[in-house]
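Going down the list, the sequences are from chains R and B.
One point on numbering: in my numbering, the residue at position 112 of the first sequence is 173, and numbering is uninterrupted.
One point on numbering: in my numbering, the residue at position 93 of the second sequence is 173, and numbering is uninterrupted.
Just so you know, even glycine gets a beta-carbon here, dropped at the ideal spot from N, CA and C.
Being a predicted model, the structure only gives us computed values, none of them experimental.
Below: one structure, written as structure tokens.
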Amino acid sequence: MPDAPVFEVDPRAFWSDPYPDLARMRAEAPIARVPQLGGAVLMTRRADIHREEKRIEVFSSRQPEGLMTKLMGENLMRRDGEAHLSERRALFPALSPRTVRETWLPLFRERTAAILDDLAPRGEADLVRDYAMPVSAEALKLITGLTNMAAAEMDRVSQGMIDGCSNYAGDPAIEAHCHDCTASIDRHIAERMPRLSAAPDMSAISVMERAGLGPDRISANTKLIISGGQNEPRDAIAGAAWAVLRHPEVRDAAVAGLLGWDAVFAEYARWISPIGMSPREVAQADTVEGIDFTPGTRVFLMFGSANRDEDAFDAPDRFDPWRDTSAAIPFGAGPHFCAGAAASRALIAEVALPMLFERLKGLRLAGEAPFGGWAFRGPLAVPVAWDA
Amino acid sequence: MPTIHATDRTGVTREVEAETGLSLMENLRDKGGMDIAAICGGMASCATCHVHVDVDWMDRLPPAEPDEIELVEFTEAYDEARSRLSCQIRVTEDLDGLRLTLAPEA
Ligand code: HEM
Ligand code: FES
């Protein structure tokens with residue numbers, strides 16, 4: 062059997078819009094090695110990803126030599142099997158649907174209302190920087206337990222870790238910045254720990270401590286939650302708001318309550334998946350769809366591509382919140398299924414989007430919204446104005 | 081081989097010849113060819129394997145763990161008397177004759 066064929070991309074074009082290349086890959090070379098992406102083998106079809114992600118004996122999440130493990134410590138996302146499950150279980154109480162509903166949702170509403178109070182008189186803003194970023198950061202402060210961290214710092218350390226983990230070229234400045242970010246998180250944890258031990262709550266740090274996880278594990282998993290829990294809701298809130306503003310029929314239906322904000326969020330996450338990719342490493346030789354995989358090969362599961370797969374969705378490039386999105390996999394499709402899915406849905410579909418459109422009357426786009434990224438994708442800025 | 085009577089969302093019932101040892105979700109999906117998304121692959125994380133079990137069968141199933149209850153409780157089609165996540169039920173000979181319906185998608 063042959064190795065994966067090579068598919069070349071222009072890295073800059075792929076960053077600004079990966080979808081045309083991904084569509085060609087699905088049609089011509091659905092499993093292909095891309096030299097420009099560190100030589101990783103990309104899996105682009107929904108059916109392949111949905112099936113293979115579950116075969117953790119072949120497509121392993123363990124990457125002890127990977128950048129994430131080196132820079133952030135070995136967190137639960139980089140473990141498999143029982144080691145993975147036991148830590149997920151330890152974290153579960155902080156992110157379970159019940160905790161989200163009973164503990165976080167009212168606080169999400171309170172913090173978001175305060176952000177809107179500040180914003181409303183201004184009449185114009187960048188939805189990414191001035192709304193989605195602080196809303197997401199305030200939620201993450203609550204969920205992690207790091208209420209001593211400023212919202213802007215939360216955003217900075219999250220981005221710094223993401224940049225560090227994709228620093229395949231080994232730029233020393235990016236690496237140093239990433240170390241600075243993880244050190245900041247450890248300082249904030251050390252400061253909060255005595256209080257959380259004295260007065261336990263439902264935050265991730267507190268539930269992990271009660272479950273008996275040691276300081277290293279708590280630190281590594283907290284960094285994972287921050288790297289995975291800040292940008293994605295931020296990008297989804299600002300991106301979905303932009304999509305709604307570009308489609309007046311969607312805005313009118315959602316504002317009138319004829320279309321659920323949950324459907325808007327689900328369709329946005331399908332259409333422009335905030336996490337476009339999750340990496341794996343081949344642990345044992347295997348053949349998939351006629352392509353040989355050899356141990357050690359880096360594999361990228363391209364969720365963003367799966368969610369535009371013509372075999373699963375009609376007119377996949379169209380934003381249509383009335384469509385059936387049940388085949389979409391923006392939160393993954395295997396044992397590493399996003400642990401923050403319930404929290405994200407509550408924050409985005411029950412709080413951030415409805416409260417934004419409710420509070421800022423006459424909300425409209427006031428300029429271009431450039432998008433970027435393929436591993437993580439979202440708007441870089443969404444300039445808007447409203448009737449203040 | 082236990083037989084499971086599974087009704088899909090259009091009301092059509094199939095007799096699934098189930099394999100013991102596998103989960104109910106795997107049997108419905110792989111042996112029964114039913115349209116069950118089971119997105120997380122059986123991690124009690126996504127609730128897309130939600131089924132409504134016939135009420136007389138509820139007591140005869142192994143009880144649900146707290147993780148399962150918490151997830152399924154918050155789904156739109158939750159019904160205390162009938163709801164289970166099919167990935168959390170291992171099929172044994174005792175389940176011969178089990179009747180269930182796929183829950184509506186959220
Ligand atoms: C729109 C928002 C979000 C999206 C689209 C998203 C998406 C994802 C995806 C695609 C994965 C990898 C799944 C895989 O490899 O199969 C993941 C993992 C994860 N996410 Fe999220 N996420 C979001 C928000 C959050 C939030 C708010 C948190 C925490 C507060 C969070 C915590 C996690 C954790 C802990 C994992 C690792 C799970 C594991 O390895 O078992 N995510 N997420
Ligand atoms: S398959 Fe995801 S909860 Fe059962």
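According to the DSSP secondary-structure assignment, residue 194 of chain R is paired through a beta bridge with no residue. With fewer than 16 neighbouring CB atoms inside 10 Å of its own CB, residue 422 of chain R falls in the exposed class. Any Cβ of chain R closer than 8 Å to the Cβ of residue 180 of chain B would place that residue at the interface, and such an atom is absent. With a contact defined as Cβ atoms closer than 8 Å, residue 88 of chain B and residue 114 of chain B qualify at about 6 Å.
Inter-segment contact for the region 160-175 of chain B and the region 114-127 of chain B is present: three or more beta-carbon pairs are separated by less than 8 Å.
The alpha carbon of residue 157 of chain B has as its nearest neighbour, out of B:130, B:83, B:97, B:103, the alpha carbon of B:130. At a threshold of 7 Å, residue 208 of chain R does not count as near the ligand FES, since its beta carbon sits no closer than that to any of the ligand's heavy atoms. Interface annotation, residue 336 of chain R: not in contact with chain B, CB-CB separation never under 8 Å. For the options R:112, R:143, R:98, the alpha carbon positioned closest to that of residue 123 of chain R is the one of R:143. With respect to chain B, the C-beta atom of residue 394 of chain R has a partner C-beta closer than 8 Å. Chain B has a Cβ within less than 8 Å of the Cβ of residue 390 of chain R. By the Cβ-count criterion, residue 172 of chain B is exposed, with fewer than 16 other Cβ atoms from all chains shown falling within 10 Å of its own Cβ. For residue 167 of chain R, the enclosing alpha helix (DSSP H) covers residues 166-180.
Relative to the non-hydrogen atoms of the ligand HEM, the Cβ of residue 154 of chain R never comes closer than 7 Å to any of them. Chain-ordered listing is empty here: chain B has no CB closer than 8 Å to the CB of residue 331 of chain R, the nearest sitting near 13 Å. Close to chain R, meaning a Cβ-Cβ distance shorter than 8 Å, are the following residues of the region 126-143 of chain B: 126, 128. Identification of chain B residues near residue 157 of chain R by a Cβ-Cβ cut-off of 8 Å yields 147, 150, 151, ordered along the chain. With 16 or more other Cβ atoms inside 10 Å of its own Cβ, residue 358 of chain R counts as buried. At least one heavy atom of the ligand HEM is found less than 7 Å from the C-beta of residue 286 of chain R.
The DSSP-derived three-state label of residue 362 of chain R is strand. For residue 115 of chain R, the neighbours in chain B by C-beta distance under 7 Å run, in chain order, 121. About 7 Å separates the Cβ atoms of residue 137 of chain R and residue 285 of chain R, confirming a contact at the 8 Å cut-off. In the DSSP assignment, residue 240 of chain R falls within the unbroken alpha helix (DSSP H) covering 233-259. Judged by DSSP in its simplified three-state form, residue 311 of chain R adopts helix.
Residue 204 of chain R places its beta carbon 8 Å or farther from that of residue 297 of chain R. Using beta-carbon distances, residue 183 of chain B does not count as an interface residue toward chain R, since no partner is under 8 Å.
Going by C-alpha positions, residue 311 of chain R is about 8 Å away from residue 320 of chain R. Our two residues, residue 202 of chain R and residue 256 of chain R, have alpha carbons roughly 15 Å apart in a direct line.
Secondary structure of residue 179 of chain B (DSSP, three-state): strand. Where residue 397 of chain R is concerned, there is no enclosing beta strand (DSSP E), because DSSP gives it neither an H nor an E.
For residue 147 of chain R, the enclosing alpha helix (DSSP H) starts and ends at 142-156.
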